[in-house]
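FYI, the numbering for the sequence shown is 281 to 525, going by our numbering.
The C-beta atom is built at its ideal place from N, Cα and C for all residues, glycine as well.
Below is one structure, written out as C-alpha cells; comments come after it.
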Amino acid sequence: MSAVTERLPLFPLNTVLYPGLVLPLNVFEERYRRLVADLLEQPEDEPRRFGVLAIKDGREVAPVRPDDGPAGPLDGLGTFTGDALEAIHHIGCVADVASVQDQPDGRYELLVTGTTRFLLRDVDASGMYLTGEIEPIEERPGEGSGALAAEVERAFRAYQKRLAGAREASTVGRQELPDDPQVLSYLVAAASVFETPVKQQLLACPDTAQRLRTELDLLRRETAVLSWLPSLPAVDLTRQSFSPN
C-alpha cells in the first residue's frame, strides 16, 4: 500500500521545530507574507498549516535584491552547494498556526505549534514560496523508552543545574517535566543548547527510545564540559528562539 502524502507550503528556518513545541515567527519577507495571506484566505474551519524544515546551507532571509524584485522561493538557500533543494533537511515538522497578528507595515506575527513530523518527498519551486509533498512519520516508542526517560530526566536536571552555574544564574524552582517519554524527548531536545545539526539529528531519530538514548549521551557529555568552563552569557533556555522571517 502506498504511503499517504499531503501537499503543504514550506517554511525553511534556521531552527528546528518539534512536535508539541511552540515557536513565534516574525514574518516580513514578501514570499512568506504571501504564504500567510494564502493560509488566511482558507475557510476558517480548515487547518492553517505549513511545513517547517531546518536549513543546512544558507539563510532563512534572502539577500536584498532592490533591483530584481521580490525574493524567489529558493533565494538564500544553497550558498555553498549550488543546489538549493539539498540545502534543507528533508525531515521536518508540521506547524499549526495558533494565532496571527497582522501589523500596520504588512508583517505578520505568528505563534505556531509543532504537530507531526514528516518526510519531504517532493518540492515545487514554481510559486512565490516553496510547497512540498510530505509523508507523515509515525511516532514509535522503541524499546525501553520508559526507563530511558527516567535517566534523561535526571541527566537533564543535572545539565540545567550545571548550565545555571556556568552562567552564574540562580536556578528557578524545580520544573515539572512530562511523564510521557515521547513528550519529554521533544522538550529536552528543544530546551537544550545544542547546535542545529544536533537538534535535527534528534528530530530525525526513528523512535522515542533512540532519541532519549542520544539525548542521554549528549547531556552527560555537555554537563561534563560545562564543569570545566567559566561563566557563560545568560540565555533563556525555556523557549524556542524567535525567528525573524
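Is there contact here, the region 393 to 410 with the region 425 to 437, by at least three beta-carbon pairs under 8 Å? No contact exists between the region 393 to 410 and the region 425 to 437.
With DSSP as the reference, please indicate the residues paired to I414 in a beta bridge. E286 and L400
On the criterion of 16 or more Cβ atoms from any shown chain inside 10 Å, does G453 qualify as buried, or is it exposed? Note that G453 scores 49 on pLDDT, short of 50, meaning its location in the model is unreliable; the coordinates nonetheless yield the value given after this. G453 should be labelled exposed.
Coarse secondary structure for T393, derived from DSSP in three states: Residue state, collapsed to three classes: strand.
Taking the alpha-carbon of Q381 as reference, which of V307, D318, R500 and E495 has the nearest alpha-carbon? V307
Can you tell me whether DSSP reads L296 as helix, strand or coil? Per the sequence presented here, residue 296 reads as Val, with Leu not at that position. Here V296 sits in coil by DSSP.
Between L365 and the rest of its own chain, which residues show a CB-CB distance below 7 Å, the 5 nearest in sequence each way excluded? Only V403 meet the Cβ criterion.
Local Cβ density within 10 Å of G394, reported as buried at 16 or more and exposed below that: buried
Under 8 Å, do L293 and G412 count as touching if we go by C-beta distance? no
Could you check whether the region 434 to 443 touches the region 496 to 504, counting it as contact only if at least three pairs of C-beta atoms, one from each stretch, sit closer than 8 Å? yes
With DSSP as the reference, please indicate the residues paired to C373 in a beta bridge. V332 and R397
How close, in whole Å, do the beta carbons of G300 and I414 come, if the pair is a contact with beta carbons under 8 Å? Contact doesn't hold; Cβ gap of about 18 Å is too wide.
Whole angstroms are fine: how far does the CA of D337 sit from the CA of L297? In this structure, the alpha-carbon of L297 lies about 17 Å from that of D337.
Return yes when the Cβ of S507 is within less than 8 Å of the Cβ of T488, no when it is not. no
DSSP puts Q381 in a beta bridge; with which residues? E389
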